[in-house]
Structure formats: C-alpha cells, structure tokens
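Asker:
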Amino acid sequence: MALDMEGLLLNTKLLVKSDYSYVGSITLFVALLCACIIIGHLLEENRWMNESITALFFGLISGVVILFTTKGKSSRILVFSEDLFFIYLLPPIIFNAGFQVKKKQFFRNFLTIMMFGVAGTLISFTIISFGAIGLFSRLNIGSLEIGDYLAIGAIFSATDSVCTLQVLNQDETPFLYSLVFGEGVANDATSVVLFNAIQKFDLVHLDAVIVLQLVGNFFYLFLTSTILGAVAGLLSAYIIKKLYFGRHSTDREVSLMMLMAYLSYMIAQLLDLSSILTVFFCGIVMSHYTWHNVTESSRITTKHAFATLSFISEIFLFMYVGMDALDIDKWRFVSDSPLKQVSLSSLLVGLVLVGRAAFVFPLSFLSNFAKKSSAEKINFRQQVIIWWAGLMRGAVSIALAYNQFTRAGQTQLRSNAIMITSTITVVLFSTVVFGLLTKPLIRLLLPHPPKHFSSMSSDPLSPKSFLSRLLENGQGSEIEAAGDSIIGLPNLRMLLSKPYASVHHHWRRFDDSFMRPVFGGRGFVPFVPGSPTERTCLAETSITE
1 MALDMEGLLL
11 NTKLLVKSDY
21 SYVGSITLFV
31 ALLCACIIIG
41 HLLEENRWMN
51 ESITALFFGL
61 ISGVVILFTT
71 KGKSSRILVF
81 SEDLFFIYLL
91 PPIIFNAGFQ
101 VKKKQFFRNF
111 LTIMMFGVAG
121 TLISFTIISF
131 GAIGLFSRLN
141 IGSLEIGDYL
151 AIGAIFSATD
161 SVCTLQVLNQ
171 DETPFLYSLV
181 FGEGVANDAT
191 SVVLFNAIQK
201 FDLVHLDAVI
211 VLQLVGNFFY
221 LFLTSTILGA
231 VAGLLSAYII
241 KKLYFGRHST
251 DREVSLMMLM
261 AYLSYMIAQL
271 LDLSSILTVF
281 FCGIVMSHYT
291 WHNVTESSRI
301 TTKHAFATLS
311 FISEIFLFMY
321 VGMDALDIDK
331 WRFVSDSPLK
341 QVSLSSLLVG
351 LVLVGRAAFV
361 FPLSFLSNFA
371 KKSSAEKINF
381 RQQVIIWWAG
391 LMRGAVSIAL
401 AYNQFTRAGQ
411 TQLRSNAIMI
421 TSTITVVLFS
431 TVVFGLLTKP
441 LIRLLLPHPP
451 KHFSSMSSDP
461 LSPKSFLSRL
471 LENGQGSEIE
481 AAGDSIIGLP
491 NLRMLLSKPY
501 ASVHHHWRRF
511 DDSFMRPVFG
521 GRGFVPFVPG
531 SPTERTCLAE
541 TSITE
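Residue numbering for the sequence shown follows UniProt numbering, starting at 1 and increasing by one per position.
1) Could you pull out every unbroken alpha helix (DSSP H) segment of at least 4 residues lying fully inside the segment 143-178, listed in chain order?
2) May I have the straight-line CA-CA distance separating M323 from N293, to the nearest angstrom?
3) State the DSSP-derived secondary structure class of D83, mapped to helix, strand or coil.
4) Going by other Cβ atoms of all chains shown within 10 Å of its Cβ, with 16 needed for buried, is G134 buried or exposed?
5) CA-CA distance, G59 and C34?
6) Would I386 and V101 qualify as a contact pair, given that the criterion is a beta-carbon distance under 8 Å?
7) Could you tell me the distance, in whole angstroms, from the CA atom of A208 to the CA atom of I66?
8) Could you give the DSSP three-state label for L256: helix, strand or coil?
9) Hey, quick one: how far does the alpha helix (DSSP H) through M515 stretch, first residue to last?
10) Straight-line CA distance for M419 to F405?
11) What is the rounded straight-line gap between the Cα of S297 and the Cα of F107?
12) What does the alpha-carbon distance come out to for the pair Y320 and F514?
13) Taking the Cβ atom as the reference point for each residue, do G283 and F519 lie within a distance shorter than 8 Å?
14) Looking at S381: is its Cβ nearer than 8 Å to the Cβ of L437?
15) Can you say whether H304 is buried or exposed, counting buried as having 16 or more other CB atoms within 10 angstroms of its CB?
16) From G142, S255, A154, pick the residue whose C-alpha is nearest to that of S397; which is it?
17) My assumption, with CB atoms under 8 Å, is that V360 sits in contact with G120. Please give the rounded CB distance.
18) So, A189 versus N217, is the Cβ gap smaller than 8 Å?
19) DSSP three-state label for S468, please.
20) Would you mind reading off the limits of the alpha helix (DSSP H) that contains I276?
21) How about L228 and T278: do their beta carbons lie closer than 8 Å?
Structure (structure tokens):
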C-alpha cells in the first residue's frame with residue numbers, strides 16, 4: 001500500500017513538472033510572438049523585408065539560442081503537429097483571405113485563376129514527379145517507392161499562399177494579387193487533394209481505371225468542397241437575417257459567423273473534402289451576404305477579428321518553421337553527407353522553377369488568346385512576377401512532407417530524414433531568397449500601376465472611389481456594377497464580345513431578384529425598430545435631406 005502511494009506521488013510530481021514545462025514553453029513562445037510583431041512593425045517600411053521573412057528569421061535566431069541553452073538537445077519550444085497546422089492555424093488564414101478578397105477582381109479573373117491553380121498545379125506536379133523519378137536515383141538517397149515520388153510532386157507543387165499575402169499588395173496591384181493569391185488557394189487545395197488521392201489508391205498496379213478514378217475523385221472533391229463552403233455561408237446569412245441576433249447581442253452575431261465558418265472547415269475535414277476550398281468560398285459568401293446582415297459594430301468587429309486571427313496564425317507559422325528548421329534529430333541523419341543534401345535541395349529548387357515556368361507562360365498565352373481587350377491581357381512583365389511570386393514554398397509543403405515521411409513527427413529511415421531536411425531547406429531558401437527579391441522585382445518591372453489597375457479609382461472625388469475607400473475590405477466592389485456599360489447591349493452580342501460583363505450582369509439580376517431577398521446583403525438588410533440598423537438608416541436619411 002505504501003509503495004502504491006509513493007508511486008502515485010511520484011507520478012503526480014512528474015505530471016506537475018510536465019505541465020509546468022508545457023506552460024513555460026507556451027509562455028516563452030507567446031513572448032517571442034510579441035517581440036516578433038514589434039520588430040516586424042519597426043521593419044515595416046523596409047523594401048526587402050516583410051512580416052513572414054521577419055518571423056522566419058526570428059524563429060531561426062530563437063532556435064539557435066535554444067540549441068545552445070539546451071546543449072544541442074533541441075531547437076524547438078513546441079513539437080510540430082499536422083493537426084496544429086491544418087486544424088488550428090490554416091483555417092483563419094484562408095477564411096480571412098476569402099472574406100477580405102476583392103470579389104469583382106477575383107471573379108473577373110476566375111477562369112484564369114482556376115486554369116493556373118488546377119491545370120497549372122497538375123502540370124507542375126507531373127514535371128516534379130517525373131523529374132524526381134529520373135534524377136533522384138543518381139543521388140542514391142535510399143529506397144523510395146512510386147507513391148513517394150508522386151507525393152514529392154504534390155508536396156513541391158504547393159505554393160505558399162500565406163507568404164503571397166505579405167509580398168503582394170491588394171490595393172497597389174489588385175490584378176496580380178487576385179491572380180497569384182487566387183491561384184495559390186486553388187493550388188494548395190489541388191495539391192492536398194492530389195496528395196490525399198495518392199494515399200488512397202494502389203499506385204503499384206496503376207492502370208487506366210485507377211487513373212480515371214483519380215480524375216473523377218479529384219473533380220468530385222473540388223465541386224463538393226466549393227458547394228459545402230457556399231452552403232455554410234448562405235446558411236449563416238439566412239439564420240442571422242431571420243433571427244437578427246444584433247437586436248440582443250453583437251457578440252452572438254460575431255460568434256456565430258466565426259463558429260459557422262470553422263464548422264464548414266471541420267465538416268470538410270470530416271468528409272475528406274478539400275477544407276481549404278470550403279472555408280475560402282465560405283469566406284467569400286459570408287462577405288457578400290452575412291456581413292451585410294449584421295449590425296455596424298459587428299461589421300467592424302468581424303473585419304478586424306478575422307484579420308487579427310489570420311495575422312497571429314501567419315506569424316506563429318513562420319516563426320515555428322524557422323525554429324523547426326534547426327531540429328538536430330533530423331539533421332543527424334544527413335550530417336555524414338552534406339554534399340548530397342545540397343545537391344538534392346538544389347535539384348528540387350530547379351524542378352520547382354521549371355515546373356512553374358512550364359505552366360505560367362503557356363497558360364498566360366492561352367488566357368491572352370481568349371481575351372480581345374489588351375487591357376485585360378497578362379503582359380510579359382506581369383507573367384514574370386506571377387511566375388516568381390509563386391515560387392515560394394511554405395507550411396503546406398512541410399505539413400505534407402511530415403505526413404508522408406514521418407510517423408508522429410519522427411523518422412528512423414535515412415531516406416525519409418533526407419526528404420524532410422530537403423523540404424525544410426527548400427522552404428527556407430524559397431521564402432528568404434524569392435521572398436526578399438519579390439518586392440524589388442515588382443518595383444523594377446511595374447514602376448507605375450498599369451492604367452487598367454488605377455483607372456477605377458483615378459478620380460478621388462468620384463462616387464466609385466469614395467465608396468471603394470469607404471469599404472476597403474472589398475465589400476464595395478459590387479456597386480461598381482452600376483457603372484458598367486453593359487446594360488442595353490443585346491444579350492448574344494454582349495455574351496460574345498464581353499463574356500465576363502454578360503455573366504456578371506445576369507448574375508446581378510439573379511442575385512437581386514432571388515438571392516438577396518432570401519439571404520440578405522447590401523440593400524436587403526433587415527429593419528428592426530430600435531436596432532442599430534434603424535439608427536444608421538435614420539442618420540443617413542437626415543444627412544441626405
């Protein structure tokens with residue numbers, strides 16, 4: 001009995017010590033996050049640096065310090081977890097991107113974005129996979145199966161859409177931002193879908209039936225994921241419009257928007273769909289309908305709350321990647337062959353460069369061929385920027401590499417350890433080198449905003465410019481349709497000469513006639529006596545009068 005009591009006390013002491021250590025690690029990491037944000041603010045005007053690169057360097061420096069203080073035992077405060085990345089950090093980043101995106105610019109280039117994001121990723125995946133099959137055998141890195149090579153193609157086809165948010169500016173280069181970031185979201189979703197498909201199917205006995213199943217499964221996931229996101233957004237809009245929570249509590253409105261967005265992501269995860277696509281389109285639909293159904297205070301709160309969560313997640317992500325890059329356990333496997341490690345990483349960077357160039361320039365040519373107006377075409381300088389800005393690899397690549405080549409974050413196979421360290425090397429190199437040079441490259445190739453970028457807001461006193469400035473988060477883009485010169489054109493002629501204008505015109509008519517009366521939105525905000533909406537409407541009426 002006494003021995004049992006001693007054992008219980010010992011276990012309790014160990015548990016308390018473990019909890020204390022865990023809390024201490026989190027406290028230190030939060031302190032580092034605060035310091036990183038302050039330093040990032042001080043470097044904000046630097047033409048080379050951005051938040052993500054600052055966080056990455058800060059993580060590397062912190063990792064070196066921890067490595068010395070622990071006498072080479074560890075460089076990390078927290079252990080990398082795919083669940084931490086995919087379930088907690090990625091959703092707020094992607095949702096906020098969809099919520100804040102300028103919808104008119106995004107859907108104006110929707111076909112080009114999907115062509116780059118889906119067809120382009122498949123081209124890059126093919127080149128990287130077959131390049132790895134043909135070249136890796138010469139380096140003698142160990143035994144890799146066909147599934148591993150295809151997984152490598154999916155891993156290094158995934159661009160870093162998070163870093164794109166830091167490098168490109170939505171207001172300065174809206175066209176490039178919508179293309180590169182929109183493609184990045186579709187690219188990440190495509191890469192994850194490809195990776196999951198590779199895990200599911202038996203690739204040893206590959207035949208035409210399995211290929212068709214792969215293609216069918218791919219398009220099924222894309223379609224169902226998009227529909228799920230749209231349905232979740234519409235459901236939130238309908239509930240808030242009918243029940244009007246703001247009459248009682250702004251907190252309930254904001255909480256419901258956040259939870260329903262996260263619910264759509266988790267349902268997609270549960271159903272093995274593309275949760276990235278789901279939460280992105282949920283954000284777009286919520287910004288179009290739900291955001292206009294809440295009170296003014298809720299609109300301000302949601303805009304800043306979503307942006308804040310996204311910002312913290314981004315900084316957390318890049319700082320941790322910097323720390324994890326110095327993990328001594330992974331590098332121990334390749335310490336005896338540094339030249340092989342450098343050769344493999346250089347080869348992967350080369351395949352990434354070639355794979356991206358193989359689809360950006362040809363698909364840009366096809367996109368330009370389909371457009372009659374020169375103002376809508378992608379010129380060569382813009383193509384170079386699109387190619388360059390998409391070369392960065394980030395946390396999605398690391399998470400997929402951990403999934404493929406480790407078990408519970410650890411690996412005992414030399415070939416798997418080499419692939420993990422090579423992935424980390426490529427991520428660090430591409431984020432730092434390509435990321436640092438992107439801003440100067442944009443200033444060099446696009447010294448002044450193109451006319452068709454700035455024409456929409458060239459007159460600071462015009463109604464369009466005033467409204468777009470007033471609604472900076474992209475919610476004012478729809479009212480630009482009032483100035484479109486498409487009304488009065490014959491439908492067939494309009495469809496042939498201006499397909500986007502035609503589709504947008506008919507969508508607006510359908511949206512105003514059927515969607516907004518049911519789900520709310522601008523011009524269809526519920527009117528409740530004594531509500532903030534009533535006071536806002538009365539104030540606007542008095543100003544008008």
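For glycine and all other residues, C-beta sits at the position ideal for the given N, C-alpha and C.
If you're wondering where the values come from, they're calculated on a predicted model, not measured in any experiment.
Answerer: Concretely, from the data shown:
1) 146-157, 161-167
2) 43 Å
3) helix
4) exposed
5) 12 Å
6) no
7) 52 Å
8) helix
9) Per DSSP, M515 belongs to no alpha helix (DSSP H) and is neither H nor E.
10) 7 Å
11) 28 Å
12) 47 Å
13) no
14) It is Arg, not Ser, that sits at residue 381 in the sequence shown. Cβ distance not < 8 Å, so R381 and L437 don't count as in contact.
15) exposed
16) A154
17) 7 Å
18) no
19) Reliability of the predicted coordinates at S468 is poor, the pLDDT of 40 falling under 50, and the value obtained from them is presented with this limitation in mind. Helix at S468.
20) 275-285
21) yes
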